[in-house]
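Residue numbers (my numbering): 891 to 1090.
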């Protein structure tokens, strides 16, 4: 029995060793935090403005525009973000996510989460064809009414649809009022003679 335990332990050690070496060398493990709402609209290190509903992040050293695959091992949720700022500078923290990115990997409540961060290289970026450009996270807006994120194109289309629906409704109401106003009106006149006749 003792020998079996030794063999089992050795086998598990080999599996652990193999898993460690099989892990992508570009993957870093550390804590992630996210921007507070007070940073919304402020200028980031790359010159753009931070938007809490965009999929961006801060990293200490990687070039601006670098894409990062961020995974929360606790729940398996992932998000791809673009580096637009510098930081974070807290110990054991390797990335600072936008609020939208933090929501996608479900770390809003905890505020801090251990994550696996992997740089998305051009050779691993998803492509539709050989000439297609790497998939870059699009600017997204959050709609609390639906609980969903929409790209700027989708958001504009939704707003146009809402505007057209409101205009059509207003037009229908106006036409209904005009049609009602054109209907003939009859007035019943009660003169003193009619009133006297009723009394008799």
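Every residue, glycine too, gets a C-beta built ideally from N, C-alpha and C. As the structure is a prediction and not an experimental result, all values here were calculated from the model.
With the rule of 3 Cβ pairs closer than 8 Å, the region 980-999 counts as touching the region 919-929.
Linking residue 978 to residue 1011 through their CA atoms gives a straight-line distance of about 22 Å. Ranked by Cα distance from residue 993, the first of 961, 1066, 976 is 961.
Between residue 1003 and residue 945 the beta-carbon gap is near 16 Å, outside 8 Å, which marks them as no contact. Under the DSSP assignment, residue 918 falls in the beta strand (DSSP E) whose first and last residues are 917-924. When only Cα atoms are considered, residue 952 and residue 1058 end up about 51 Å apart. Comparing alpha carbon positions, the residue from 987, 1006, 1008, 959 closest to residue 998 is 987.
A distance of 8 Å or more separates the beta carbons of residue 974 and residue 916.
Going by DSSP, residue 992 is part of the alpha helix (DSSP H) stretching over 989-994. DSSP places residue 961 inside the beta strand (DSSP E), whose first and last residues are 957-962. Judged by DSSP secondary structure, residue 1002 falls outside any beta strand (DSSP E); it is assigned neither H nor E.
The three-state reading of DSSP puts residue 933 in strand, counting E and B together. At a Cβ-Cβ threshold of 8 Å, residue 928 and residue 939 do not count as neighbours. Residue 986 sits in a strand when the DSSP states are folded into three classes. The C-alpha of residue 1005 lies about 6 Å from the C-alpha of residue 963. Counting of Cβ neighbours within 10 angstroms places residue 1043 among the exposed residues, the total staying below 16. Residue 1010 carries a coil assignment under DSSP once its states are collapsed to helix, strand and coil.
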